[in-house]
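Numbering (this note's numbering), first residue to last: 52 to 469. We treat Cβ as the ideally placed atom computed from N, Cα and C, and that holds for glycine. Remember, it's a predicted structure, so these values are computed and weren't measured experimentally.
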(Lines of atoms letter the chains of each structure in order from A and count residues from 1; the text may use other names and numbers.)
(Lines give C-alpha, C1' and ligand atoms only; values in the text may rest on other atoms or scores of the structure.)
Protein backbone atom coordinates (compact mmCIF):
# COMPACT_ATOMS: atom_id res chain seq x y z
CA UNK A 1 0.00 0.00 0.00
CA UNK A 2 1.84 2.89 -1.07
CA UNK A 3 1.30 6.63 -3.18
CA UNK A 4 -7.34 13.22 0.60
CA UNK A 5 -11.31 17.40 -0.40
CA UNK A 6 -11.12 15.48 2.95
CA UNK A 7 -10.90 11.68 2.87
CA UNK A 8 -13.53 9.71 4.70
CA UNK A 9 -12.56 7.55 7.62
CA UNK A 10 -11.95 4.03 6.44
CA UNK A 11 -10.62 0.70 7.44
CA UNK A 12 -8.21 -1.24 5.30
CA UNK A 13 -6.36 -4.50 5.38
CA UNK A 14 -2.77 -4.97 4.45
CA UNK A 15 -3.87 -5.36 0.83
CA UNK A 16 -6.33 -2.49 0.50
CA UNK A 17 -6.04 1.26 0.38
CA UNK A 18 -8.47 3.89 1.68
CA UNK A 19 -10.61 5.76 -0.80
CA UNK A 20 -11.36 9.47 -0.70
CA UNK A 21 -14.63 11.25 -1.24
CA UNK A 22 -14.47 13.23 -4.46
CA UNK A 23 -15.21 16.93 -4.26
CA UNK A 24 -17.23 16.67 -7.46
CA UNK A 25 -18.08 13.11 -8.57
CA UNK A 26 -17.62 12.38 -12.24
CA UNK A 27 -20.65 11.12 -14.17
CA UNK A 28 -20.01 7.47 -13.33
CA UNK A 29 -21.24 8.43 -9.87
CA UNK A 30 -23.49 11.31 -10.92
CA UNK A 31 -27.20 11.46 -10.04
CA UNK A 32 -29.65 10.18 -12.67
CA UNK A 33 -30.94 13.68 -13.44
CA UNK A 34 -27.55 14.72 -14.88
CA UNK A 35 -26.47 14.07 -18.44
CA UNK A 36 -23.86 15.48 -20.81
CA UNK A 37 -24.31 17.28 -24.09
CA UNK A 38 -21.96 16.94 -27.05
CA UNK A 39 -20.63 19.77 -29.15
CA UNK A 40 -17.11 21.12 -28.70
CA UNK A 41 -14.02 21.69 -30.77
CA UNK A 42 -10.25 21.51 -30.46
CA UNK A 43 -7.55 23.64 -32.00
CA UNK A 44 -4.39 22.36 -33.63
CA UNK A 45 -2.71 21.75 -30.22
CA UNK A 46 -5.64 19.76 -28.92
CA UNK A 47 -6.93 22.79 -27.00
CA UNK A 48 -10.51 22.39 -25.90
CA UNK A 49 -12.86 25.33 -26.42
CA UNK A 50 -14.37 25.46 -22.93
CA UNK A 51 -17.22 27.70 -24.03
CA UNK A 52 -18.74 24.85 -26.06
CA UNK A 53 -18.32 22.07 -23.49
CA UNK A 54 -21.33 22.00 -21.17
CA UNK A 55 -23.05 19.59 -18.81
CA UNK A 56 -26.85 19.61 -18.95
CA UNK A 57 -28.32 19.15 -15.47
CA UNK A 58 -31.98 19.01 -14.55
CA UNK A 59 -32.46 20.81 -11.23
CA UNK A 60 -34.95 18.87 -9.06
CA UNK A 61 -35.88 22.05 -7.16
CA UNK A 62 -36.25 24.38 -10.14
CA UNK A 63 -37.69 21.72 -12.48
CA UNK A 64 -35.68 23.11 -15.38
CA UNK A 65 -32.46 22.42 -17.24
CA UNK A 66 -29.31 24.32 -16.36
CA UNK A 67 -26.21 24.26 -18.57
CA UNK A 68 -22.96 24.15 -16.58
CA UNK A 69 -19.80 24.93 -18.57
CA UNK A 70 -16.85 22.59 -18.19
CA UNK A 71 -13.69 24.53 -17.38
CA UNK A 72 -10.60 23.32 -19.21
CA UNK A 73 -7.03 24.29 -18.44
CA UNK A 74 -3.72 23.24 -19.92
CA UNK A 75 -0.90 22.09 -17.68
CA UNK A 76 1.49 23.32 -20.35
CA UNK A 77 0.36 26.88 -19.55
CA UNK A 78 1.19 26.53 -15.85
CA UNK A 79 4.51 27.39 -14.18
CA UNK A 80 3.75 27.23 -10.43
CA UNK A 81 5.60 29.59 -8.11
CA UNK A 82 5.79 28.10 -4.62
CA UNK A 83 7.39 29.52 -1.47
CA UNK A 84 9.49 27.46 0.92
CA UNK A 85 6.71 27.56 3.51
CA UNK A 86 4.20 26.32 0.93
CA UNK A 87 6.51 23.47 -0.06
CA UNK A 88 6.96 22.41 3.57
CA UNK A 89 3.22 22.67 4.23
CA UNK A 90 2.71 20.03 1.54
CA UNK A 91 4.72 17.45 3.50
CA UNK A 92 1.73 15.64 4.95
CA UNK A 93 -0.11 12.43 3.92
CA UNK A 94 -1.92 12.67 0.60
CA UNK A 95 -5.68 13.02 0.51
CA UNK A 96 -5.97 9.24 0.19
CA UNK A 97 -4.56 8.89 3.71
CA UNK A 98 -5.95 12.07 5.22
CA UNK A 99 -7.92 10.32 7.97
CA UNK A 100 -6.33 6.90 8.39
CA UNK A 101 -5.30 5.59 11.79
CA UNK A 102 -3.87 2.49 13.41
CA UNK A 103 -7.45 1.44 14.18
CA UNK A 104 -8.44 1.62 10.51
CA UNK A 105 -5.61 -0.71 9.52
CA UNK A 106 -6.84 -4.32 9.75
CA UNK A 107 -3.86 -6.71 9.98
CA UNK A 108 -4.05 -9.96 8.08
CA UNK A 109 -4.35 -12.70 10.75
CA UNK A 110 -2.20 -14.92 8.55
CA UNK A 111 0.59 -12.33 8.57
CA UNK A 112 1.55 -11.67 12.23
CA UNK A 113 4.23 -9.19 11.17
CA UNK A 114 1.45 -6.73 10.25
CA UNK A 115 0.03 -6.62 13.79
CA UNK A 116 3.57 -6.45 15.13
CA UNK A 117 4.25 -3.43 12.91
CA UNK A 118 1.18 -1.64 14.29
CA UNK A 119 2.32 -2.17 17.87
CA UNK A 120 5.91 -1.24 17.10
CA UNK A 121 4.83 2.02 15.47
CA UNK A 122 2.44 2.84 18.32
CA UNK A 123 5.22 2.31 20.85
CA UNK A 124 7.53 4.45 18.73
CA UNK A 125 4.89 7.19 18.54
CA UNK A 126 4.31 7.07 22.29
CA UNK A 127 8.02 7.54 22.83
CA UNK A 128 8.05 10.58 20.54
CA UNK A 129 4.96 12.09 22.17
CA UNK A 130 6.50 11.63 25.59
CA UNK A 131 9.86 13.04 24.56
CA UNK A 132 9.10 16.59 25.68
CA UNK A 133 10.68 19.79 24.46
CA UNK A 134 14.18 18.42 24.37
CA UNK A 135 13.56 16.17 21.37
CA UNK A 136 14.49 18.68 18.67
CA UNK A 137 17.57 20.66 17.69
CA UNK A 138 16.82 23.79 19.73
CA UNK A 139 15.87 21.76 22.77
CA UNK A 140 19.29 20.10 22.73
CA UNK A 141 21.01 23.41 22.03
CA UNK A 142 19.52 25.02 25.13
CA UNK A 143 20.10 22.17 27.51
CA UNK A 144 17.17 19.89 26.74
CA UNK A 145 17.13 16.12 27.01
CA UNK A 146 20.00 14.36 25.27
CA UNK A 147 19.31 12.13 22.33
CA UNK A 148 18.78 8.59 23.55
CA UNK A 149 21.11 5.80 22.54
CA UNK A 150 18.57 3.88 20.47
CA UNK A 151 18.52 4.07 16.69
CA UNK A 152 17.01 7.17 15.18
CA UNK A 153 14.15 5.42 13.48
CA UNK A 154 12.22 2.48 12.12
CA UNK A 155 12.39 1.06 8.62
CA UNK A 156 9.35 -0.90 7.34
CA UNK A 157 10.37 -3.26 4.57
CA UNK A 158 7.81 -5.21 2.54
CA UNK A 159 6.25 -5.82 -0.86
CA UNK A 160 3.87 -3.55 -2.71
CA UNK A 161 0.33 -3.35 -1.39
CA UNK A 162 0.88 -4.72 2.14
CA UNK A 163 -0.15 -1.52 3.94
CA UNK A 164 3.15 0.23 4.66
CA UNK A 165 1.96 3.68 3.59
CA UNK A 166 -1.23 3.32 5.65
CA UNK A 167 0.90 2.48 8.69
CA UNK A 168 3.31 5.34 8.06
CA UNK A 169 0.47 7.85 7.63
CA UNK A 170 -1.17 6.50 10.80
CA UNK A 171 2.02 7.22 12.73
CA UNK A 172 2.13 10.75 11.31
CA UNK A 173 -1.44 11.38 12.51
CA UNK A 174 -0.64 9.77 15.89
CA UNK A 175 2.41 11.87 16.71
CA UNK A 176 1.87 15.36 18.14
CA UNK A 177 3.87 18.43 17.21
CA UNK A 178 5.83 19.47 14.11
CA UNK A 179 6.32 16.60 11.68
CA UNK A 180 6.77 15.87 7.97
CA UNK A 181 5.49 13.14 5.64
CA UNK A 182 6.66 12.72 2.06
CA UNK A 183 8.03 10.28 -0.45
CA UNK A 184 11.75 9.79 -0.87
CA UNK A 185 11.62 11.68 -4.18
CA UNK A 186 9.80 14.58 -2.55
CA UNK A 187 12.60 14.99 0.00
CA UNK A 188 15.33 14.95 -2.65
CA UNK A 189 13.30 17.44 -4.67
CA UNK A 190 12.89 19.59 -1.56
CA UNK A 191 16.67 19.77 -1.23
CA UNK A 192 16.87 20.77 -4.88
CA UNK A 193 14.33 23.53 -4.34
CA UNK A 194 15.57 24.89 -0.98
CA UNK A 195 19.27 23.85 -0.87
CA UNK A 196 20.61 21.19 1.47
CA UNK A 197 21.39 23.51 4.39
CA UNK A 198 17.97 25.18 4.40
CA UNK A 199 16.30 21.76 4.24
CA UNK A 200 18.27 20.58 7.27
CA UNK A 201 17.46 23.78 9.15
CA UNK A 202 13.75 23.43 8.40
CA UNK A 203 13.45 19.72 9.27
CA UNK A 204 15.74 19.78 12.33
CA UNK A 205 13.01 21.45 14.38
CA UNK A 206 10.59 18.58 13.64
CA UNK A 207 9.89 15.72 16.02
CA UNK A 208 9.24 13.18 13.24
CA UNK A 209 10.16 12.82 9.57
CA UNK A 210 8.34 10.09 7.62
CA UNK A 211 9.87 8.93 4.33
CA UNK A 212 7.66 6.80 2.09
CA UNK A 213 8.97 4.64 -0.78
CA UNK A 214 12.63 4.97 0.19
CA UNK A 215 14.82 4.20 -2.82
CA UNK A 216 18.22 5.27 -4.07
CA UNK A 217 18.26 5.96 -7.78
CA UNK A 218 21.75 7.34 -8.30
CA UNK A 219 25.00 7.99 -6.44
CA UNK A 220 24.08 11.62 -5.81
CA UNK A 221 20.94 10.56 -3.96
CA UNK A 222 22.98 8.13 -1.89
CA UNK A 223 25.34 10.81 -0.62
CA UNK A 224 22.54 13.36 -0.23
CA UNK A 225 20.23 11.16 1.84
CA UNK A 226 23.10 9.77 3.89
CA UNK A 227 24.04 13.31 4.95
CA UNK A 228 20.44 14.40 5.48
CA UNK A 229 19.53 11.40 7.65
CA UNK A 230 22.72 11.70 9.68
CA UNK A 231 22.22 15.41 10.38
CA UNK A 232 18.55 15.00 11.26
CA UNK A 233 19.33 12.09 13.57
CA UNK A 234 22.07 14.16 15.25
CA UNK A 235 19.47 16.90 15.79
CA UNK A 236 17.23 14.44 17.64
CA UNK A 237 14.68 14.02 14.85
CA UNK A 238 13.02 10.59 14.73
CA UNK A 239 12.90 8.95 11.30
CA UNK A 240 10.52 6.33 9.92
CA UNK A 241 10.80 5.01 6.37
CA UNK A 242 9.09 2.46 4.14
CA UNK A 243 10.58 0.65 1.19
CA UNK A 244 10.50 -2.50 -0.86
CA UNK A 245 14.27 -2.90 -0.43
CA UNK A 246 16.27 -3.65 2.71
CA UNK A 247 18.52 -0.72 3.72
CA UNK A 248 21.73 -2.57 2.97
CA UNK A 249 20.54 -3.37 -0.55
CA UNK A 250 19.55 0.18 -1.54
CA UNK A 251 20.93 1.19 -4.91
CA UNK A 252 21.55 -2.33 -6.18
CA UNK A 253 20.83 -2.65 -9.88
CA UNK A 254 20.88 1.14 -10.39
CA UNK A 255 24.55 2.06 -9.99
CA UNK A 256 27.78 0.63 -8.59
CA UNK A 257 26.41 0.36 -5.06
CA UNK A 258 29.65 -1.21 -3.81
CA UNK A 259 31.45 2.08 -4.48
CA UNK A 260 29.06 3.81 -2.10
CA UNK A 261 28.99 1.10 0.55
CA UNK A 262 29.99 3.50 3.32
CA UNK A 263 27.11 5.90 2.61
CA UNK A 264 24.64 3.03 2.37
CA UNK A 265 25.89 1.60 5.66
CA UNK A 266 25.43 5.03 7.28
CA UNK A 267 21.84 5.07 6.06
CA UNK A 268 21.19 1.54 7.28
CA UNK A 269 22.70 2.32 10.69
CA UNK A 270 20.00 4.92 11.37
CA UNK A 271 17.16 2.39 11.34
CA UNK A 272 15.77 -0.62 13.15
CA UNK A 273 14.29 -2.81 10.39
CA UNK A 274 10.88 -4.44 10.64
CA UNK A 275 9.65 -6.69 7.84
CA UNK A 276 5.93 -6.36 6.95
CA UNK A 277 4.88 -9.56 5.20
CA UNK A 278 1.90 -9.94 2.90
CA UNK A 279 0.88 -11.00 -0.57
CA UNK A 280 2.88 -8.97 -3.09
CA UNK A 281 0.75 -7.34 -5.77
CA UNK A 282 3.01 -8.84 -8.45
CA UNK A 283 1.69 -12.25 -7.46
CA UNK A 284 -1.91 -11.06 -7.62
CA UNK A 285 -1.57 -9.62 -11.10
CA UNK A 286 -2.29 -6.08 -12.21
CA UNK A 287 -5.63 -4.99 -13.70
CA UNK A 288 -5.51 -4.53 -17.45
CA UNK A 289 -4.99 -1.03 -18.77
CA UNK A 290 -8.22 0.16 -20.43
CA UNK A 291 -8.35 0.60 -24.18
CA UNK A 292 -7.55 4.23 -25.04
CA UNK A 293 -10.28 6.38 -26.53
CA UNK A 294 -10.34 6.68 -30.32
CA UNK A 295 -9.32 10.10 -31.61
CA UNK A 296 -12.74 10.78 -33.12
CA UNK A 297 -14.42 9.94 -29.78
CA UNK A 298 -11.99 11.85 -27.55
CA UNK A 299 -14.02 15.06 -27.33
CA UNK A 300 -17.26 13.29 -26.53
CA UNK A 301 -15.56 11.12 -23.88
CA UNK A 302 -14.31 14.21 -22.04
CA UNK A 303 -17.86 15.53 -21.97
CA UNK A 304 -19.26 12.20 -20.83
CA UNK A 305 -16.81 11.86 -17.94
CA UNK A 306 -16.09 15.42 -16.85
CA UNK A 307 -19.16 17.50 -17.77
CA UNK A 308 -19.36 20.57 -15.53
CA UNK A 309 -15.95 20.06 -13.90
CA UNK A 310 -12.42 21.43 -14.28
CA UNK A 311 -10.18 19.31 -16.50
CA UNK A 312 -6.53 19.51 -17.51
CA UNK A 313 -6.43 18.85 -21.27
CA UNK A 314 -3.10 18.52 -23.08
CA UNK A 315 -1.34 16.86 -25.96
CA UNK A 316 0.87 14.22 -24.34
CA UNK A 317 4.01 15.23 -26.26
CA UNK A 318 3.60 18.85 -25.14
CA UNK A 319 3.00 17.78 -21.55
CA UNK A 320 6.09 15.61 -21.11
CA UNK A 321 8.20 18.35 -22.70
CA UNK A 322 6.71 20.91 -20.31
CA UNK A 323 7.56 18.82 -17.24
CA UNK A 324 11.23 19.68 -17.77
CA UNK A 325 10.37 23.36 -17.19
CA UNK A 326 8.72 22.76 -13.79
CA UNK A 327 10.69 21.57 -10.76
CA UNK A 328 9.25 18.20 -9.62
CA UNK A 329 8.72 19.64 -6.13
CA UNK A 330 6.02 21.81 -7.72
CA UNK A 331 4.09 19.08 -9.56
CA UNK A 332 1.53 19.04 -6.76
CA UNK A 333 0.76 22.70 -7.45
CA UNK A 334 0.81 22.03 -11.20
CA UNK A 335 -2.39 20.00 -10.86
CA UNK A 336 -4.10 22.11 -8.21
CA UNK A 337 -7.81 22.73 -8.69
CA UNK A 338 -8.42 19.93 -11.21
CA UNK A 339 -11.13 17.27 -11.16
CA UNK A 340 -9.62 15.18 -13.95
CA UNK A 341 -7.02 14.82 -16.69
CA UNK A 342 -7.35 14.29 -20.46
CA UNK A 343 -4.32 13.50 -22.64
CA UNK A 344 -4.39 13.22 -26.40
CA UNK A 345 -2.00 10.90 -28.28
CA UNK A 346 -0.20 9.17 -25.38
CA UNK A 347 2.98 7.60 -26.77
CA UNK A 348 5.88 5.54 -25.39
CA UNK A 349 8.55 7.52 -23.55
CA UNK A 350 12.06 6.54 -24.61
CA UNK A 351 14.31 8.86 -22.58
CA UNK A 352 15.05 7.88 -18.98
CA UNK A 353 15.10 11.43 -17.60
CA UNK A 354 11.73 12.19 -19.19
CA UNK A 355 10.30 8.93 -17.88
CA UNK A 356 11.42 9.61 -14.30
CA UNK A 357 9.82 13.06 -14.34
CA UNK A 358 6.61 11.50 -15.63
CA UNK A 359 6.71 8.97 -12.76
CA UNK A 360 6.68 11.87 -10.28
CA UNK A 361 3.66 13.38 -12.03
CA UNK A 362 1.89 10.00 -11.95
CA UNK A 363 2.44 9.84 -8.18
CA UNK A 364 0.95 13.31 -7.67
CA UNK A 365 -2.06 12.49 -9.87
CA UNK A 366 -2.63 9.32 -7.84
CA UNK A 367 -2.34 11.25 -4.58
CA UNK A 368 -5.11 13.56 -5.81
CA UNK A 369 -7.17 10.68 -7.28
CA UNK A 370 -7.66 12.43 -10.63
CA UNK A 371 -9.40 10.24 -13.24
CA UNK A 372 -7.70 10.13 -16.64
CA UNK A 373 -9.13 9.99 -20.16
CA UNK A 374 -6.58 9.37 -22.90
CA UNK A 375 -6.05 8.45 -26.52
CA UNK A 376 -2.98 6.84 -28.06
CA UNK A 377 -1.27 3.84 -26.45
CA UNK A 378 -2.45 2.26 -23.15
CA UNK A 379 -0.45 3.09 -20.04
CA UNK A 380 1.14 -0.35 -19.83
CA UNK A 381 2.97 0.63 -23.03
CA UNK A 382 4.13 4.09 -21.97
CA UNK A 383 7.54 2.82 -20.75
CA UNK A 384 9.87 0.77 -22.93
CA UNK A 385 10.66 -2.89 -22.26
CA UNK A 386 14.23 -1.89 -21.42
CA UNK A 387 12.96 0.50 -18.74
CA UNK A 388 10.66 -2.11 -17.23
CA UNK A 389 13.57 -4.54 -16.99
CA UNK A 390 16.16 -2.03 -15.74
CA UNK A 391 17.25 -0.59 -12.42
CA UNK A 392 14.22 1.70 -12.10
CA UNK A 393 11.67 -1.02 -12.79
CA UNK A 394 9.95 -0.68 -9.39
CA UNK A 395 9.25 2.98 -10.09
CA UNK A 396 7.93 2.26 -13.57
CA UNK A 397 5.71 -0.64 -12.53
CA UNK A 398 4.29 1.48 -9.71
CA UNK A 399 3.56 4.28 -12.19
CA UNK A 400 1.88 1.86 -14.62
CA UNK A 401 -0.25 0.49 -11.78
CA UNK A 402 -1.31 3.96 -10.66
CA UNK A 403 -1.96 5.36 -14.14
CA UNK A 404 -3.95 2.24 -15.01
CA UNK A 405 -6.10 2.67 -11.90
CA UNK A 406 -6.80 6.31 -12.76
CA UNK A 407 -7.53 5.47 -16.39
CA UNK A 408 -9.94 2.71 -15.35
CA UNK A 409 -11.62 5.23 -13.09
CA UNK A 410 -11.89 7.77 -15.89
CA UNK A 411 -12.78 5.53 -18.80
CA UNK A 412 -14.54 2.62 -17.09
CA UNK A 413 -16.00 4.34 -14.02
CA UNK A 414 -14.12 2.16 -11.54
CA UNK A 415 -12.81 3.46 -8.23
CA UNK A 416 -9.03 3.75 -8.19
CA UNK A 417 -8.15 1.09 -5.62
CA UNK A 418 -5.02 -1.01 -5.22
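Three-state secondary structure assigned by DSSP to residue 323 | strand
Which class does residue 421 belong to by DSSP, given the choice of helix, strand or coil?
-> coil
Segment limits, beta strand (DSSP E) that includes residue 395 = That run of the beta strand (DSSP E) goes 391–397.
Can you name the start and end residues of the beta strand (DSSP E) that residue 365 belongs to?
-> 361–366
Tell me the start and end of each unbroken beta strand (DSSP E) in the stretch 213–297 that is at least 3 residues and wholly inside, in chain order.
-> Qualifying beta strand (DSSP E) stretches, in chain order: 230–234, 259–263 and 289–294.
Would a C-beta distance cut-off of 7 Å place residue 288 and residue 207 closer than the cut-off?
-> no
Roughly how far, in whole angstroms, is the beta-carbon of residue 430 from the beta-carbon of residue 454, given that I think they are within contact range, below 8 Å?
-> 4 Å
Going by other Cβ atoms of all chains shown within 10 Å of its Cβ, with 16 needed for buried, is residue 439 buried or exposed?
-> Residue 439 should be labelled exposed.
CB residue 381 to CB residue 133, shorter than 7 Å?
-> yes
Beta-bridge pairing of residue 159 - partner residues as DSSP gives them | In DSSP, residue 159 forms no bridge with anything.
Just how far apart, CA to CA, sit residue 139 and residue 347?
-> Approximately 43 Å, taken between the alpha carbons.
Pick helix, strand or coil for residue 124, following the three-state DSSP scheme.
-> strand
Compute the Euclidean distance between the alpha carbons of residue 219 and residue 283, then round it to the nearest angstrom.
-> 18 Å
Between the stretch 421–430 and the stretch 345–359, do three or more beta carbon pairs fall short of 8 Å?
-> yes
Can you tell me which of the three DSSP states residue 455 falls into?
-> In the three-state reduction of the DSSP assignment, residue 455 falls in the helix class.
State buried or exposed for residue 352, treating a residue as buried only when at least 16 other CB atoms are found within 10 Å of its CB.
-> buried
Cβ neighbour criterion (16 or more within 10 Å) applied to residue 177 | Looking at its Cβ environment, which holds fewer than 16 other Cβ atoms inside 10 Å, residue 177 is exposed.
Residue from 248, 418, 340 and 235 with nearest C-alpha to residue 273 = 235
Please report how far the alpha carbon of residue 180 lies from the alpha carbon of residue 158, in whole angstroms.
-> Straight-line Cα distance between these residues: approximately 24 Å.
Buried versus exposed call for residue 460 [16 or more other C-beta atoms within 10 Å across all chains shown] = buried
For residue 461, which three-state DSSP category applies?
-> Three-state result, residue 461: helix.
Assigned secondary structure, residue 466 (DSSP; H/G/I helix, E/B strand, else coil) = coil
Through-space distance from residue 231 to residue 240, alpha-carbon basis = 14 Å
Thinking C-alpha only, which one of 402, 354 and 122 is nearest residue 437?
-> 402
Three or more beta-carbon pairs under 8 Å between the stretch 374–389 and the stretch 440–447, yes or no?
-> no
Could you check what DSSP says for residue 427 in three-state terms: helix, strand or coil?
-> Here residue 427 sits in strand by DSSP.
With which residues is residue 205 paired in a DSSP beta bridge?
-> Answer is 291 and 323, bridged to residue 205.
Distance, Cα to Cα, residue 462 vs residue 422?
-> In this structure, the alpha-carbon of residue 462 lies about 8 Å from that of residue 422.
One or two residues paired with residue 434 in a DSSP bridge = 400
If we call anything under 7 Å between Cβ atoms a contact, is residue 374 one with residue 408?
-> A contact, by the Cβ cut-off of 7 Å.
Cut-off 7 Å between Cβ atoms - residues of its own chain near residue 457, not counting five sequence neighbours on either side | 416, 417, 421, 422, 423 and 467
Would you mind reading off the limits of the alpha helix (DSSP H) that contains residue 357?
-> 349–357
Out of 163, 360 and 173, point me to the one whose CA is closest to residue 152's CA.
-> 173
How would you label residue 366, buried or exposed, when you count the other beta carbons within 10 angstroms and need 16 or more for buried?
-> buried
Terminal residues of the alpha helix (DSSP H) in which residue 382 lies = 382–385
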